[in-house]
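J.: This is the structure I want to talk about, given as structure tokens.
Residue numbers (this note's numbering): 9 to 325.
Put into structure tokens, the structure is as follows:
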């Protein structure tokens, strides 16, 4: 039975020695009192494990803290599910060891969820910080800090198929609904695209207009390897999720959204020379009855196995 109002933060670190102490400090600095913290080092080869132990021994907090140090790296989604079984909170946060929560994030997110009892999860804005120190918000804001345009929430399923609309580290999920959905899909290399779609298929979501998280954007982050040349770990999972979407779709506009997503992912699979997964996207596109000159060009590109990935890397900077 979940404890009402309690928020469980699952922080999984992997080679995050540069950030992990700031990440953990950001959790205990929350201005919301009902929080428990579960920390996992996922077999890091750097000093993350030692720093976590040092932090735990010196932490000045009454917050319940559990630490698990894995000797070998495990699949992220399966590891998260293992920790999900241990949480006591009504709400759960999946926090990477290189991101930080801003002090009022949990309070404001829980407040929004309490206002919208039918919502499966809340999400907010975030600061995106590059290795060079450049800083920008996930959603466009004017000089006064106000949103340049309204952020869509409520029923998001079709929108999420079309494009990435949510900054994953900002999400706060109702634990019981996530458990009912079976947690994360352990066969996938990453979780957010799939779990957001599965939840938004059945439930509304709610946006909280605050900047709640600092997300680090660096070359070692999983998102940076999304379209890695030749051997993307994420693209096969994206194809798998698109297959799921095909089975979940109910109306024509959702299939139209999926066709848009397939063309986008196929383009990047071809540019990055991930030809095997590109073939899977072509098959899916054919099933979805995608037509037109662009799709024909993509099929010819796949047939020729034209490797432009070196140019792709230069263009992406």
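Glycine residues also receive a C-beta, built at the ideal position from the N, C-alpha and C atoms.
1) Helix, strand or coil, according to DSSP, for residue 317 in the structure here?
2) Does DSSP put residue 22 in a helix, in a strand, or in coil?
3) How far does the beta strand (DSSP E) with residue 133 in it extend, from its first residue to its last?
4) List the endpoints of the continuous beta strand (DSSP E) containing residue 57.
5) Looking at the structure shown, is residue 193 part of a helix, part of a strand, or coil, going by DSSP?
6) Whether or not the stretch 43–56 and the stretch 212–221 are in contact is what I'm after, with contact meaning three or more pairs of Cβ atoms, one per stretch, closer than 8 Å; do they touch?
7) Select from 130, 74 and 56 the residue whose C-alpha is nearest the C-alpha of residue 27.
8) Just mark residue 300 as buried or exposed, buried being the case when its beta carbon has 16 or more other beta carbons within 10 Å.
9) So, is residue 305 buried or exposed, given that buried needs 16 or more other C-beta atoms within 10 angstroms?
10) Answer with buried or exposed for residue 279, where buried requires no fewer than 16 other C-beta atoms within 10 angstroms of its C-beta.
11) Ordered along the chain, which non-local residues of its own chain (more than five positions away) have a Cβ less than 6 Å from that of residue 342?
12) Thinking C-alpha only, which one of 272, 105, 11 and 89 is nearest residue 54?
13) What's the call for residue 313, buried or exposed, on a 16-neighbour Cβ count within 10 Å?
14) Need the endpoints of the beta strand (DSSP E) that residue 78 sits in, please.
15) How would you write the range of the alpha helix (DSSP H) that residue 179 sits in, first residue to last?
16) With burial defined as no fewer than 16 other Cβ atoms inside 10 Å of the residue's Cβ, what is the status of residue 65: buried or exposed?
17) Using the Cβ count rule (16 or more neighbours within 10 Å means buried), how would you classify residue 318?
18) Can you say whether residue 32 is buried or exposed, counting buried as having 16 or more other CB atoms within 10 angstroms of its CB?
19) Can you look up residue 152 in the DSSP assignment and give me helix, strand or coil?
20) Does the stretch 236–251 touch the stretch 173–190, meaning 3 or more C-beta pairs lie closer than 8 Å?
21) Give the straight-line distance between the Cα atoms of residue 167 and residue 173, rounded to the nearest whole angstrom.
22) Under 8 Å: do the stretch 9–18 and the stretch 91–99 share three or more Cβ pairs, one atom per stretch?
23) Nearest to residue 135 by CA position, among 234, 25, 121 and 153, is which residue?
24) By the 10 Å Cβ neighbour count, where 16 or more other Cβ atoms means buried, how is residue 223 classified, buried or exposed?
25) Would residue 202 and residue 193 qualify as a contact pair, given that the criterion is a beta-carbon distance under 8 Å?
26) Can you tell me the Cα-Cα spacing of residue 119 and residue 316, whole angstroms?
27) Using the three-state DSSP reduction, which class does residue 201 fall into: helix, strand or coil?
28) Is DSSP giving residue 105 helix, strand or coil here?
29) On the three-pair Cβ rule with 8 Å, is the stretch 238–245 touching the stretch 282–299?
T.: In brief:
1) Position 309 of the chain shown, counted from the first residue, corresponds to residue 317. Residue state, collapsed to three classes: helix.
2) Residue numbering aside, residue 22 sits at position 14 when the chain shown is read from its first letter. In this structure, residue 22 counts as coil in the three-state DSSP scheme.
3) Within the chain shown, numbered from 1, the residue matching residue 133 stands at position 125. Residue 133 -> beta strand (DSSP E) spans 129–138.
4) Translated into the one-based positions of the chain shown, residue 57 becomes position 49. Run containing residue 57: none in the beta strand (DSSP E); it sits in the alpha helix (DSSP H), 56–66.
5) If you number the chain shown from 1, residue 193 lands on position 185. The answer is coil: DSSP assigns residue 193 none of H, G, I, E or B.
6) no
7) Here residue 27 corresponds to residue number 19 of the chain shown, with the count starting at 1. For the residues 130, 74 and 56, the minimum Cα distance to residue 27 belongs to 56.
8) Here residue 300 refers to the residue found at position 292 when the chain shown is read from its first residue. Exposed, since its Cβ has fewer than 16 Cβ neighbours within 10 Å.
9) The residue given as residue 305 occupies position 297 in the chain shown. Exposed: under 16 other Cβ atoms inside 10 Å.
10) As a position in the chain shown, residue 279 is number 271, starting the count at 1. Residue 279 is buried by the Cβ-count criterion.
11) In this structure the chain extends from 9 to 325, so residue 342 is not present and cannot be described.
12) For the purposes of this step, residue 54 is taken as residue 46 along the chain shown, with counting starting at 1. For residue 54, the nearest C-alpha among the options comes from 105.
13) As a working mapping, residue 313 is identified with position 305 in the chain shown. Burial call: exposed.
14) The residue you call residue 78 lines up with position 70 of the chain shown. Run containing residue 78: 73–78, per the beta strand (DSSP E) assignment.
15) Numbered from its first residue, the chain shown carries residue 179 at position 171. From DSSP, residue 179 is part of no alpha helix (DSSP H); its letter is neither H nor E.
16) If you number the chain shown from 1, residue 65 lands on position 57. Exposed: under 16 other Cβ atoms inside 10 Å.
17) Taking the chain shown and counting its residues from 1, the one referred to as residue 318 is at position 310. Its Cβ having fewer than 16 others within 10 Å, residue 318 is exposed.
18) Here residue 32 refers to the residue found at position 24 when the chain shown is read from its first residue. It is buried - the Cβ of residue 32 has at least 16 other Cβ atoms within 10 Å.
19) One-based indexing of the chain shown puts residue 152 at position 144. Three-state result, residue 152: coil.
20) no
21) For the purposes of this step, residue 167 is taken as the residue at position 159 of the chain shown. For the purposes of this step, residue 173 is taken as the residue at position 165 of the chain shown. In a straight line, the C-alpha of residue 167 is about 7 Å away from that of residue 173.
22) yes
23) Within the chain shown, the letter at position 127 stands for residue 135. Selected option, being the one with the closest Cα: 153.
24) Position 215 of the chain shown, counted from the start, is the residue given in the question as residue 223. Classification of residue 223: buried, given that the 10 Å Cβ count is 16 or more.
25) To locate residue 202, count along the chain shown from 1; it is residue 194. To locate residue 193, count along the chain shown from 1; it is residue 185. Yes. Within cutoff.
26) Residue mapping note: residue 119 aligns to position 111 of the chain shown, counting from 1. Residue mapping note: residue 316 aligns to position 308 of the chain shown, counting from 1. In a straight line, the C-alpha of residue 119 is about 49 Å away from that of residue 316.
27) The sequence position of residue 201 within the chain shown is 193, counting from 1. Annotated three-state conformation of residue 201 is helix, per DSSP.
28) Mapped onto the chain shown, residue 105 falls at position 97. Reduced to three states, the DSSP call for residue 105 is coil.
29) yes
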